[in-house]
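Novice: Numbering (my numbering), first residue to last: -10 to 105.
Sending over a structure as structure tokens; questions will come in a sec.
What follows is the structure, given as structure tokens:
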């Protein structure tokens, strides 16, 4: 069993920054598990944001490239999403996900609201 818990969401003005955290626990070797972030705005489908592979390769959606940075601290079993230059269109519930032994696990999500 694997648990992922996101935190760090909140209300921020446009142009501001937030750092989301994703704490992993349970039966997971965090250092070799690819992880990613998705988001879902009201009335929209869930959208991929960023992925970091276990080899520290990172890829980003075009909409966030240059503004968001995905990273991890293997010792803390925690992933991060640093979000800078936030825009109102970044408003969404953000979810982290990890791939463990072929299975995808998801957190419960954290709300990010960007005011204009």
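All C-beta atoms, glycine included, are put in the ideal place defined by N, C-alpha and C.
1) With the cut-off set at 8 Å, would you say residue 39 and residue 87 are in Cβ contact?
2) Which of the three DSSP states, helix, strand or coil, is assigned to residue 64?
3) Going by DSSP in three states, residue 59 sits in which element: helix, strand or coil?
4) Pull up the CB-CB distance for residue -5 and residue 84, whole angstroms please, since I reckon it's below 8 Å.
5) When DSSP labels each residue in this structure, what does residue 14 get in the three-state scheme?
6) Is residue 82 near residue 98, with beta carbons less than 8 Å apart?
Specialist: In short:
1) Going by C-beta atoms, residue 39 is not nearer than 8 Å to residue 87.
2) helix
3) strand
4) 7 Å
5) In the structure shown, the three-state DSSP call for residue 14 is strand.
6) yes
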